[in-house]
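To keep things clear, I will list the structure first and then write my remarks on it.
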Amino acid sequence: MVKLFARSCLLLILLLPGCEKQEFTEPAPFELEFSATGTPVMEGRLGFGDITMHPEKIEIEGIRSAGDDVFFERDLKAGALTLGQHPVLHFDLPQGIYNRLTINLSFEPDEEKEEEFEEELGDLLEDLQGGVLSPIAEAALGELILDYREGEPGFLYSGTYKHGQEEFELLLVINNPFVLNLTATNTSGSREIVLEKGKDNRAALYFDIEKWFSIVPAQLVEKSPKGTANGKTYVLIHKKLNPGLFNMLYNRIEQFTTLVVNE
Numbered sequence: 442m443v444k445l446f447a448r449s450c451l452l453l454i455l456l457l458p459g460c461e462k463q464e465f466t467e468p469a470p471f472e473l474e475f476s477a478t479g480t481p482v483m484e485g486r487l488g489f490g491d492i493t494m495h496p497e498k499i500e501i502e503g504i505r506s507a508g509d510d511v512f513f514e515r516d517l518k519a520g521a522l523t524l525g526q527h528p529v530l531h532f533d534l535p536q537g538i539y540n541r542l543t544i545n546l547s548f549e550p551d552e553e554k555e556e557e558f559e560e561e562l563g564d565l566l567e568d569l570q571g572g573v574l575s576p577i578a579e580a581a582l583g584e585l586i587l588d589y590r591e592g593e594p595g596f597l598y599s600g601t602y603k604h605g606q607e608e609f610e611l612l613l614v615i616n617n618p619f620v621l622n623l624t625a626t627n628t629s630g631s632r633e634i635v636l637e638k639g640k641d642n643r644a645a646l647y648f649d650i651e652k653w654f655s656i657v658p659a660q661l662v663e664k665s666p667k668g669t670a671n672g673k674t675y676v677l678i679h680k681k682l683n684p685g686l687f688n689m690l691y692n693r694i695e696q697f698t699t700l701v702v703n704e
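What follows is the structure, given as structure tokens:
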């Protein structure tokens, strides 16, 4: 009831004669926060490490019940968004009642670097026999994975997988052009979003890792090719290394990533 009253009051103010144009363009502070499932998933086997992203740009599009539609774009090439550092992006958006508010994160990784990695990976996989690499090939794959991670791929999820005596670092990498397209909802699940000048307007972008991996068989992860380096073991989920597992997760990332405004 209180929220409904507040929305009605804001709409009334915006429609008052003589102040319509000014009120529609008044900036409302808007913060975008990033978070993810922190508890272990896959029946406790996979613990969260971090998510690091290198998006090219962010686009914010809004359709308001009154006033012009909103389109905002910002270049994000300058630095990484690492969830472990609790990143927050700050914007000023026109206040108003939004019937639809979408945020698009666009990724345009270095295609030349990716081609070089895939060529080296292909050479290594020629030594794959019965799903198992030789010790020399495992070491080479481990070094290749570390170099790949340091090369700032577009989207990188990392976690520690433990089962019995087995332990390895699991890396999920998306390094091809893609757009993470999210439509905002309020706490009631409705797409109607109210942004007001003079108030804190916060959006929470949440990666639901538990749901990403909920359909992934543990056996599929454990039987993936492993690389070793610096005394550690690595499993890389990549479109060329284990395409079935990669596609299974890739199709769920956008589906189970949410954007909620003013929780």
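Residue numbers (the numbering used here): 442 to 704. We treat Cβ as the ideally placed atom computed from N, Cα and C, and that holds for glycine.
- When rounded, the separation of the alpha-carbon atoms in Tyr589 and Gly583 is 10 Å.
- By DSSP's assignment, Thr699 forms a beta bridge with Tyr647.
- Between the C-alpha atoms of Ala645 and Thr628 there is a straight-line separation of about 11 Å.
- Counting C-beta pairs with one atom in each stretch, the region 653-664 and the region 623-643 have fewer than three that are closer than 8 Å, which means they do not touch.
- Within its own chain, the residues whose Cβ lies closer than 8 Å to the Cβ of Glu484, once the five positions on either side in sequence are excluded, are Ala659, listed in chain order.
- Around the beta-carbon of Ala581, 16 or more other beta-carbon atoms lie within 10 Å, marking it buried.
- Secondary structure note for Glu472: it is in no alpha helix (DSSP H), and the uninterrupted beta strand (DSSP E) holding it is Pro468 to Ala477.
- Taken through DSSP and simplified to helix, strand or coil, Pro528 comes out as coil.
- Fewer than three pairs of CB atoms, one per stretch, sit closer than 8 Å, so the region 523-537 makes no contact with the region 615-629.
- In this structure Val676 does not touch Leu597 by the C-beta definition: roughly 13 Å separates them, more than the 8 Å allowed.
- Look at Glu502 here: in three-state DSSP terms it is strand.
- If you compare the alpha carbons of Leu587, Thr523 and Phe697 with that of Lys667, the shortest gap goes to Leu587.
- Under the three-state reduction of DSSP, Asn671 is assigned to coil, being neither helix nor strand.
- For Thr624, the pairing in a beta bridge is given by DSSP as Thr543.
- Going by DSSP, Val482 is part of no beta strand (DSSP E) at all; its letter is neither H nor E.
- The three-state secondary structure of Lys652, taken from DSSP, is helix.
- For Gly488, the secondary structure class from DSSP, reduced to helix, strand or coil, is strand.
- The C-beta distance from Gly490 to Ser599 rounds to 4 Å, short enough to fall under 8 Å.
- Annotation: the continuous beta strand (DSSP E) that includes Leu636 extends over Ile634 to Leu636.
- Rounded to the nearest angstrom, the Cβ distance from Ile499 to Leu542 is 13 Å, too far for a contact under 8 Å.
- Rounded to whole angstroms, the gap between the alpha carbons of Thr493 and Ala521 is 7 Å.
- Under the DSSP assignment, Leu612 falls in the beta strand (DSSP E) whose first and last residues are Glu607 to Ile615.
- When beta bridges are read from the DSSP output, Leu534 appears opposite Ala469.
- About 7 Å separates the Cβ atoms of Ala469 and Pro535, confirming a contact at the 8 Å cut-off.
- Spanning the alpha carbons of Thr699 and Ser665 requires a straight line of approximately 29 Å.
- Burial check for Thr466: the Cβ neighbour count within 10 Å stays below 16, so the residue is exposed.
- When secondary structure is reduced to three states using DSSP, Asp588 falls in the helix class.
- Per DSSP, Leu565 is one residue of the alpha helix (DSSP H) stretching across Glu552 to Leu566.
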